[in-house]
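Line by line, the protein sequences are chains A and B. According to our numbering, the first sequence holds residues -2 to 966 in order. According to our numbering, the second sequence holds residues 373 to 485 in order. For reference, the structure discussed in these notes is given below.
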Amino acid sequence: MVQQSLLLLLLVLPFVGSIFAATMQAKAKNAVAWLSGGTMAVGLGILAALWPMISAGQVVRDYNAWLPRQGINLTLRMDGLAWIFALMVLGIGLMVVIYARYYLSSRDSAPRFFALLLAFAGSMNGMILSGNIIVLIVFWEMTSLFSFLLIGFWHHTPNARDGARMALVITGTGGLCLLAGMLLIGYMAGSYDLDRVLAAADVIRAHPLYLPALILFLLGAFTKSAQFPFHFWLPNAMAAPTPVSAYLHSATMVKMGVFLLVRFSPVLGGTPEWFNIVGGVGMITLTIGAVIALFRHDLKGLLAYSTISHLGLITALCGIGSPEAIVAAIFHIMNHAVFKASLFMAAGIVDHETGTRDMRRLSGLARYMPMTATLATVAAAAMAGVPLLNGFLSKEMFFAEAYAWHSGSPFDDSMPYIAVLASTFSVAYSLRLIHTVFFGPAPVDLPKVPHEPVHWMRRPVELLVLLCLVVGIVPAQTVGPWLDAAARSVLGDAMPYYSLALWHGINAPLIMSCIAVAAGVLVYCVTASRIASGPEGPPLIHRIRGARMFDWGLVKLTWKWPRSTARFFGTDRLQPQLRLLVLIGLFCATYSLWGAARLTPALVLDNASVIFALIWVVGAACAVGAAWQAKYHRFAALILLGGAGLVTVVTFVWFSAPDLAVTQLLVEIVTTVLLLLGLRWLPKRREEISSDALLRSRIRRRVDLVIALCCGGGIALISYIVMTMAPGNLASDWFLEHAYAEGGGTNVVNVILVDFRGFDTFGEIAVLAIVGLTVFALLRRFRPAMESNEMTEQQRWQNAYDDAQDGRERGDTVRDYLLVPGVIMQWMFPVIMVLAAQLFFRGHDLPGGGFAAGVALAIAFLLQYLAADVTWIEDRLRILPVRWIGFGLLVAVGTGMGSWMFGYPFMTTYSQYIRVPLIGDVPAASALIFDLGVFATVVGAVVLMLIAIAHQSLRWSRARSAAEEKEEE
Amino acid sequence: MELILSMGIGILVASGTWLVMRPRSFQVIVGLCLLSYGVNLFIFSMGRLRTAAAPILPKSGEIDPTAFTDPIPQALVLTAIVISFATTALFLVVLLASRGFTGTDHVDGKERQ
Chain A
-2 MVQQSLLLLL
8 LVLPFVGSIF
18 AATMQAKAKN
28 AVAWLSGGTM
38 AVGLGILAAL
48 WPMISAGQVV
58 RDYNAWLPRQ
68 GINLTLRMDG
78 LAWIFALMVL
88 GIGLMVVIYA
98 RYYLSSRDSA
108 PRFFALLLAF
118 AGSMNGMILS
128 GNIIVLIVFW
138 EMTSLFSFLL
148 IGFWHHTPNA
158 RDGARMALVI
168 TGTGGLCLLA
178 GMLLIGYMAG
188 SYDLDRVLAA
198 ADVIRAHPLY
208 LPALILFLLG
218 AFTKSAQFPF
228 HFWLPNAMAA
238 PTPVSAYLHS
248 ATMVKMGVFL
258 LVRFSPVLGG
268 TPEWFNIVGG
278 VGMITLTIGA
288 VIALFRHDLK
298 GLLAYSTISH
308 LGLITALCGI
318 GSPEAIVAAI
328 FHIMNHAVFK
338 ASLFMAAGIV
348 DHETGTRDMR
358 RLSGLARYMP
368 MTATLATVAA
378 AAMAGVPLLN
388 GFLSKEMFFA
398 EAYAWHSGSP
408 FDDSMPYIAV
418 LASTFSVAYS
428 LRLIHTVFFG
438 PAPVDLPKVP
448 HEPVHWMRRP
458 VELLVLLCLV
468 VGIVPAQTVG
478 PWLDAAARSV
488 LGDAMPYYSL
498 ALWHGINAPL
508 IMSCIAVAAG
518 VLVYCVTASR
528 IASGPEGPPL
538 IHRIRGARMF
548 DWGLVKLTWK
558 WPRSTARFFG
568 TDRLQPQLRL
578 LVLIGLFCAT
588 YSLWGAARLT
598 PALVLDNASV
608 IFALIWVVGA
618 ACAVGAAWQA
628 KYHRFAALIL
638 LGGAGLVTVV
648 TFVWFSAPDL
658 AVTQLLVEIV
668 TTVLLLLGLR
678 WLPKRREEIS
688 SDALLRSRIR
698 RRVDLVIALC
708 CGGGIALISY
718 IVMTMAPGNL
728 ASDWFLEHAY
738 AEGGGTNVVN
748 VILVDFRGFD
758 TFGEIAVLAI
768 VGLTVFALLR
778 RFRPAMESNE
788 MTEQQRWQNA
798 YDDAQDGRER
808 GDTVRDYLLV
818 PGVIMQWMFP
828 VIMVLAAQLF
838 FRGHDLPGGG
848 FAAGVALAIA
858 FLLQYLAADV
868 TWIEDRLRIL
878 PVRWIGFGLL
888 VAVGTGMGSW
898 MFGYPFMTTY
908 SQYIRVPLIG
918 DVPAASALIF
928 DLGVFATVVG
938 AVVLMLIAIA
948 HQSLRWSRAR
958 SAAEEKEEE
Chain B
373 MELILSMGIG
383 ILVASGTWLV
393 MRPRSFQVIV
403 GLCLLSYGVN
413 LFIFSMGRLR
423 TAAAPILPKS
433 GEIDPTAFTD
443 PIPQALVLTA
453 IVISFATTAL
463 FLVVLLASRG
473 FTGTDHVDGK
483 ERQ
């Protein structure tokens, strides 16, 4: 039980540390470093506590249900391989934290850096510990995101931004492929649980989907581990601060791909496809990386390509896939992490103390920084594979595997030669690194005077180099048990016999090593003088730049092609878009209904009412008239629109829908007023628009008319067919039967709205509130057209008349004219208030309700605005619509949450009747309080919209009179 | 009755659709209003047409569901009425703002060449 909790703690700890680090002050560099180092150290302590179980070959598991029905759970699982990887993440992490404390300058934000570093370490741990292959992907993508932020840490430089984006695009795309691959693997294995996937190896290999799954899986692994042809993101990621490079590109991020290869080699490996693809890609990457590394002038660039090359080596070992090769792969993963981290740190020290990383400018630094030079030399020797150092041992194992017989194909036969060739270049670039930077004449014209760094910046390098030596000299006594546990967890019973001894006698691998070292020295001696003057990269092929091709592709894919496609297929004109939309709708409806039964209904005329028919003659005439007049006679169209609306209201009354009729009627009034207010801001239109007479416009109108007639005819047919079918609605019966018994109201429509489907209604009033606020916000920045800005014609007539008569002031005419209606409208205010209250209170039992009451009250306010001057009204009646909206939403949601207090789900209602003196029984369901919220929100939103539009005239008349006064002055 | 109403719905929808595809923004607003009448009536008519059968229940006695019209389409349409009012208002304001910014009431913000 304790072990399980430790596992969860190991996963959660870095994230907790990250949150704490992120909240610390920018100046608290020491405190953040202590926090981060402490987090890493505690993690190492947990690993130490778990070691007895791991060394005994046990697997520690912790199961936390997440989405059990989908088979996705937070299963944590630690075996030997996960343990050794967690050790690298936390161990190298601790070193990097110490190093970064001294590397970061005072301008860099230490809390941000360490928070990101810890979050990255946490994601790495999660990926390593995942016992569920989908959760593994989640953490995998998290490492992509955090590495993006870390690589782009110096986001003020374009290099860092480009490098970070490239890394994210490539590893993120790979991650998506990996997700698809994992889904396929999970499908084939019948479970996403890693243990069950590992147990289903034979099923998966024999499955027809094996090859697609393998390719998708490998795309994920290869992009992350920077394998050819996806390797180019890694050198570009060198724009990151050096501690990030030392961490991400030695021990952690780039090792994830090979971790997966090792982890899944028992499941996916052992087939010719695996051998050829993984082995082939590994060998190509190994060679290309080593060759390019020799020709790079940037210190970190050389190390980046060297990393690519070593990852290729590990991939090749995974491709070979024999038990001995897996052991060698794990061993080389560990060794590479140690010597490459120390080399990156040494390169960072050189950069930090001299101000440049260009090897053409660096020279003879050994006399200024002898300790650093010694450390770098030892680490580079380990990288080159010199005996007595850790790199030598795993490289010997690689040679032995390359030399061994596998399949007898030409590729297999050529493997030893490729291995020796790549090693030759590996020796040569290691030699170049040390020779150019630390030996030779004293450097001239460096940005800084070089000197040894502060002690603590060197300590991590010293420790790591010491590890190189110790592991290189006494491997079996140091890392032997760890390697054994890791390999055993992957290979299980297939565990081979291997020896970690230094001396195996004179055999093929030793001879290959000797050839590589000798040839490497020779290559460097021959090329040394020419490399420095040459281009950044090997001769001839340096012009082929993966990064540039990637950028070109990205620009094409995300910018040029989409734009030209949109230009070709799309239009920014609304009319064709809408026409297309209507046509698609028409097509879909026709397609799905074509040939359906009962498309030829019987004509039912026996219950037709002449009055109803006459009403609809008017309605149809209004609709067609509105369509006819909307362009040149907007006011007439608006009145006709209102006519069509009224016919709709009558239809609702006729067919037993009183609630709809009340609401529609009230909304009709508000809509008409709203549109009337808007008319003032539209351009005058008296004469015909010239382009209307063109043939093209005429054809377009005809086509649109046909489309519109088809739509109308179709919907008429559908509605006629449905209306003449026998009803068969069970849901409605349920609502009718339960409305009074459970909702406590006799008006079923209202009970549905505020009780059964209360949550929908809540969403709807939220929409209304949002629209109200949007209208308000838009109109605050509204600038009407200049021509609408001047006084209207009617106002000018009235003013002219007022000016001409004696004893009259401007505005008298309109005041006289509106005197009687104005008084009536003012007196209507209390009447409509009472009506609104009546509609609200009876809503639960009789037609009415919050919506109707809200709109009615809004009309009461609106009438006051129509009856008198806006300023006069606002001096007497202050309405704060935003507060109404806020109050309404709070009441509605508060009523919903109230049911929690009684242990019921959200929006459970309670109903009762209360006897109020004089009025009688009043329904007092909690739904009534909810309806109050609806009511208040509707009032607020409607009033807000109307006032916002009405105020435009006021604002512009003020602006106009201000402008006139100015002119007069 | 069914025939009359379905023809009415058809005319409303046809007028609305035609207007929605017009170039002037006021035409589009009127079109949307007509279209919303048509669609609301269409949804409402899916509950079949019943006269004198409003879904207002008696307070006592057994409830016979066949005596009342279908309340669900009514509840749907009630919310649709309020929402279509809100969209009309929003569209009107966008129209006014667009007219202010571009100087034209063409839906594309510029007169066709």
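Glycine included, each C-beta is placed from N, C-alpha and C at the ideal position.
Check	Outcome
Look up Met75 (chain A) in the DSSP assignment and say whether it is helix, strand or coil.	strand
In whole angstroms, what is the alpha-carbon distance linking Phe328 (chain A) and Asp442 (chain A)?	42 Å
I'd like the list of long-range same chain contacts for Ala399 (chain A), defined as Cβ closer than 6 Å, with 5 residues on each side in sequence excluded.	Met412, Pro413, Ala416
On the criterion of 16 or more Cβ atoms from any shown chain inside 10 Å, does Ala833 (chain A) qualify as buried, or is it exposed?	buried
Helix, strand or coil for Tyr60 (chain A), going by three-state DSSP, please let me know.	strand
Where Gly819 (chain A) and Ala864 (chain A) are concerned, what is the direct C-alpha to C-alpha distance, given to the nearest angstrom?	4 Å
Pick helix, strand or coil for Ile503 (chain A), following the three-state DSSP scheme.	coil
Within the continuous alpha helix (DSSP H) that includes Leu717 (chain A), where are the two ends?	Residue 717 (chain A) is actually Tyr in this sequence, not Leu. Note, Tyr717 (chain A): alpha helix (DSSP H), 692 to 721.
Output yes or no for whether 8 Å exceeds the beta carbon distance between Thr351 (chain A) and Pro506 (chain A).	no
When Cβ atoms are compared, which residues of the stretch 391 to 408 of chain B fall closer than 9 Å to chain A?	Leu391, Val392, Met393, Arg394, Pro395, Arg396, Ser397, Phe398, Gln399, Val400, Ile401, Val402, Gly403, Cys405, Leu406
For Val772 (chain A), which of A:Ala945, A:Val931, A:Thr905 has the nearest alpha-carbon?	A:Ala945
Mind checking if Gln835 (chain A) is an interface residue toward chain B, Cβ cutoff 8 Å exclusive?	no
Buried or exposed: Ile305 (chain A), going by 16 or more other Cβ atoms within 10 Å of its Cβ?	buried
Residues bridged to His153 (chain A) by DSSP?	Partner(s): none; His153 (chain A) has no beta bridge.
Got a sec: is the Cβ-Cβ distance from Ser688 (chain A) to anything in chain B below 8 Å?	yes
Any idea if Arg357 (chain A) is buried or exposed, counting beta-carbon neighbours within 10 angstroms, 16 or more meaning buried?	exposed
Interface residues of chain B around Tyr862 (chain A) at Cβ under 8 Å?	Residues of chain B passing the Cβ test: none, with the nearest at roughly 16 Å.
Val382 (chain B) versus chain A: which residues are under 7 Å apart at the beta carbon?	Looking at the sequence provided, one finds Gly at residue 382 (chain B) rather than Val. Per Cβ cutoff of 7 Å: Gly709, Gly710, Ile712, Ala713.
Using a Cβ-Cβ distance cut-off of 8 Å, determine whether Ser417 (chain B) contacts chain A.	yes
Assign Asn604 (chain A) to one of three DSSP states: helix, strand, or coil.	coil
Which residue wins for smallest C-alpha separation from Met163 (chain A), given the options A:Leu714, A:Ile148, A:Leu173, A:Ala177?	A:Ile148
Report yes if the C-beta distance between Ile856 (chain A) and Thr389 (chain B) is below 8 Å; otherwise report no.	no
Cys585 (chain A): buried (16+ other C-beta within 10 angstroms of its C-beta) or exposed?	exposed
Does the beta-carbon of Asn412 (chain B) have 16 or more other beta-carbons within 10 angstroms, so that it is buried, or is it exposed?	buried
Have a look at the DSSP bridge pairing and note the partners of His478 (chain B).	B:Arg396
So is Ala623 (chain A) buried or exposed if we call it buried at 16+ other beta carbons inside 10 Å?	buried
Report yes or no: is there a C-beta of chain B within less than 8 Å of the C-beta of Val613 (chain A)?	Before going on, a small fix: residue 613 (chain A) reads as Trp here, not Val. It does: the Cβ of Trp613 (chain A) has a partner Cβ on chain B nearer than 8 Å.
I'd like the span of the alpha helix (DSSP H) that includes Trp678 (chain A), first residue to last.	No alpha helix (DSSP H) contains Trp678 (chain A), which DSSP labels as neither H nor E.
Nearest to Gly298 (chain A) by CA position, among A:Gly286, A:Ile69, A:Ile581, is which residue?	A:Gly286
In three-state terms, what does DSSP make of Ser103 (chain A)?	coil
Return the CA-CA distance between Gly808 (chain A) and Gln795 (chain A), expressed in angstroms with no decimal places.	7 Å
Return the first residue and the last residue of the alpha helix (DSSP H) that Met250 (chain A) is part of.	250 to 265
Anything in the stretch 641 to 668 of chain A with a Cβ closer than 8 Å to a Cβ of chain B? List those residues in chain order, please.	Ala641, Gly642, Val644, Thr645, Thr648, Phe649, Trp651, Phe652, Ser653, Ala654, Pro655, Asp656, Leu657, Thr660, Gln661, Val664, Val667, Thr668
Please report whether the beta-carbon of Ser470 (chain B) lies at a distance below 8 Å from any beta-carbon of chain A.	no
Along the alpha helix (DSSP H) that carries Ala338 (chain A), what are the first and last residues, could you check?	320 to 351
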